[in-house]
Each structure stands twice: as C-alpha cells, then as structure tokens.
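Using our numbering, you'd call the opening residue of the sequence shown number 105 and step up by one each time. Right, one structure below, let's go through it.
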Amino acid sequence: RRRRRAANLLLSRGGAARFATAADCPPDPSSYCRVALVLEDGSVFEGRSFGAEPPAGGTFAEVVFQTGMVGYAEALTDPSYRGQSLTMTYPMVGNYGVPDHGAADAVQPLLPRRTFESDSIHAAAVICQDYSADFSHWEATQSLGAWLHASGVPGVTGVDTRRLTKLLRERGSMIGRLTKIEDGAAPPAVDARACAACDGPAKDRHKRGDHTCGGRSQ
Numbered sequence: 105r106r107r108r109r110a111a112n113l114l115l116s117r118g119g120a121a122r123f124a125t126a127a128d129c130p131p132d133p134s135s136y137c138r139v140a141l142v143l144e145d146g147s148v149f150e151g152r153s154f155g156a157e158p159p160a161g162g163t164f165a166e167v168v169f170q171t172g173m174v175g176y177a178e179a180l181t182d183p184s185y186r187g188q189s190l191t192m193t194y195p196m197v198g199n200y201g202v203p204d205h206g207a208a209d210a211v212q213p214l215l216p217r218r219t220f221e222s223d224s225i226h227a228a229a230v231i232c233q234d235y236s237a238d239f240s241h242w243e244a245t246q247s248l249g250a251w252l253h254a255s256g257v258p259g260v261t262g263v264d265t266r267r268l269t270k271l272l273r274e275r276g277s278m279i280g281r282l283t284k285i286e287d288g289a290a291p292p293a294v295d296a297r298a299c300a301a302c303d304g305p306a307k308d309r310h311k312r313g314d315h316t317c318g319g320r321s322q
C-alpha cells in the first residue's frame, strides 16, 4: 500500500513509476580482488571484494552478524554497528540496490528516509555469501557496491557465512582482519601479535570510528 501511494505521488509530480535496474545506473566499481578474513582464533575465510578494497594494512574490526532477510541499508547505517565488520546471514545481498540518500521520502518528505538509520555507513565492512551487482527496485539509484565504494567501506562476497555465523555463535564475536591477497598466493596466517595489539582497542573501536590499520582511518 505504501509503495502504491509513493508511486501515485511520483506520477502526480511528473515522476516515472517504474523499477530502476542496474542497467539504468552507473556501473558497479567493485574490483572483486581476492581477500581473506582472518579471525583471532586462526580461522580463515576467503572471498572476493566488492565496494572499496581493504586498505594496505588491512581492516581490523570486531566481527558480528545479523539475521535480517532484507534491510542491508538500514543495518549498515545503524550506529550500533559502528566500527564492526557486519556479517549478513541471508545468502544474497544487493539485489534491490540502494536509494538516493539525499532525496526526500516520497511518502514522508519531512522525515528521514525509512531506508536509512543515519546519514552515513557506520559498519567497518560487510561480509556476505553472494553479492548481486544486478538489482531492481523503483527507488534504487546505485548498487550496494557503488555505495560502499563511495563511502570507503570494503565488502567481501563468497564467504561461507553459515560456517562463520556458527563459529561466532559458539565462540562469541571475535576480532578479524580483512586483507587483500594476490591471486595464486597462499591465504595469510593469523597474526597473533597484531590481534593481541588490536584486541583491547577494537572492543570499543566503534566508539571512536577508527577501524583500519596501516596509517589510514575511516
């Protein structure tokens, strides 16, 4: 019902009530380079990057998960996930794109858009099993990868999120390092000293917004 009201409102203002697809928007800038998530217990999860690539020193953050079937834009902009690497348990992410953050909501133009919880991404990274650069939604103006790239936030796809979630459920949230690796190279071993050094600060890093190493903070 809300979508029908919004579509009618757009039509009354001369807008086009149709679904936007990836073909209507700028191409996704994701590089899909090879990356690895290394947890403090030594577990390694390989995948491919989308959005921004991890910085040279890697991204250190507390790895957590959320079980929503939809709402990745809401989750990423939720301040409660500030400085954390957010694992999406639902297999597919990105299939309905991201709306324009600056545009007013067609139904409630005086209030913040319902798609976002705040004015920027607070998560340090997003981890998923299957990222879709092809999307379709009447409000979408860009892909999830394009939004992450513009915000400097790395994403990783191709991860066995079922295994990762079970590990986090059994052992609790852990500090993880998201790092880029060259094609053909062996996965990186866990750096116990680096994890130990980041363990204390990373537990409350979401309060400061500093979640990268290597001379750059986001």
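C-beta atoms are modelled at their ideal positions from N, C-alpha and C, and glycine is treated no differently.
Beta-carbon proximity list for residue i, same chain, < 6 Å, skipping 5 on both sides
i, result
"Glu221", "Glu178, Thr181 and Asp182"
"Tyr200", "Phe239 and His241"
"Met192", "Cys232"
"Arg138", "Ile285 and Asp287"
"Gly262", "Gly151 and Arg152"
"Ala298", "Residue confidence for Ala298 is low, a pLDDT of 48 falling below 50, so the modelled location carries little weight and cannot support an answer."
"Tyr235", "Phe154, Val197, Gly198 and Thr261"
"Arg273", "none"
"Tyr185", "His226 and Ala227"
"Thr171", "Thr193"
Option in the options with minimal Cα separation from residue i
i, options, result
"Asp287", "Ala127, Arg152, Leu141 and Leu143", "Arg152"
"Asn176", "Thr219, His205, Leu143 and His241", "A small fix is needed here, since residue 176 is Tyr in this sequence, not Asn. The shortest C-alpha separation from Tyr176 is found at Thr219."
"Pro131", "Val257, Thr261 and His253", "His253"
"Gly259", "Ala127, Ser135 and Ser224", "Ser135"
"Ala244", "Pro203, Ala127 and Gly198", "Pro203"
"Ala229", "Arg266, Phe169, Ala124 and Asp145", "Phe169"
"Gly198", "Asp145, Arg273 and Ala250", "Ala250"
"Met278", "Ser189, Gly161 and Ile225", "Ser189"
"Leu323", "Ser255, Asp145, Phe149 and Ser236", "Within the shown structure, residues of the chain are numbered from 105 to 322, placing residue 323 beyond reach of any answer."
"Ala127", "Ala237, Pro159 and Thr265", "Ala237"
"Pro255", "His205, Gly161, Ala160 and Cys129", "At residue 255 the sequence reads Ser, which differs from the Pro that was named. Of the candidates His205, Gly161, Ala160 and Cys129, the one whose C-alpha sits nearest the C-alpha of Ser255 is His205."
"Gly280", "Gly187, Ile225 and Ala124", "Gly187"
"Leu271", "Ala124, Val167 and Ile225", "Val167"
"Asp264", "Ala289, Ser147 and Ser224", "Ser147"
Per-residue burial, residue i [other beta carbons within 10 Å of its own, 16 or more giving buried]
i, result
"Met173", "exposed"
"Gly155", "buried"
"Thr163", "buried"
"Pro195", "exposed"
"Arg275", "exposed"
"Ser247", "buried"
"Glu144", "buried"
"Ala160", "exposed"
Range covered by the alpha helix (DSSP H) that runs through residue i
i, result
"Glu274", "Thr265 to Arg275"
"Glu150", "Per DSSP, Glu150 belongs to no alpha helix (DSSP H); it is in the beta strand (DSSP E), Val148 to Gly155."
First through last residue of the beta strand (DSSP E) which encompasses residue i
i, result
"Ser222", "Taken as a continuous stretch (DSSP letters only), Ser222 belongs to no beta strand (DSSP E), as it is neither H nor E."
"Gly280", "Met278 to Lys284"
"Ala229", "Ala229 to Ile231"
"Ala140", "Arg138 to Leu143"
Close beta carbons around residue i, own chain, < 7 Å, minus the five adjacent residues each side
i, result
"Glu157", "Ser135, Cys137, Pro258 and Lys284"
"Pro292", "Ala140, Val142, Thr283 and Ile285"
"Gly119", "Model confidence at Gly119 stands at a pLDDT of 46, short of 50, so the residue's coordinates are unreliable and nothing is read from them."
"Arg266", "none"
Practice problem: Note down, one range per segment and in chain order, each alpha helix (DSSP H) of at least 4 residues found wholly within the segment 162–217. | Solution: Runs found: 176–180.
Quiz item: Whole alpha helix (DSSP H) runs in the segment 235–261 with 4 or more residues, listed along the chain?
Solution: The qualifying runs are 248–255.
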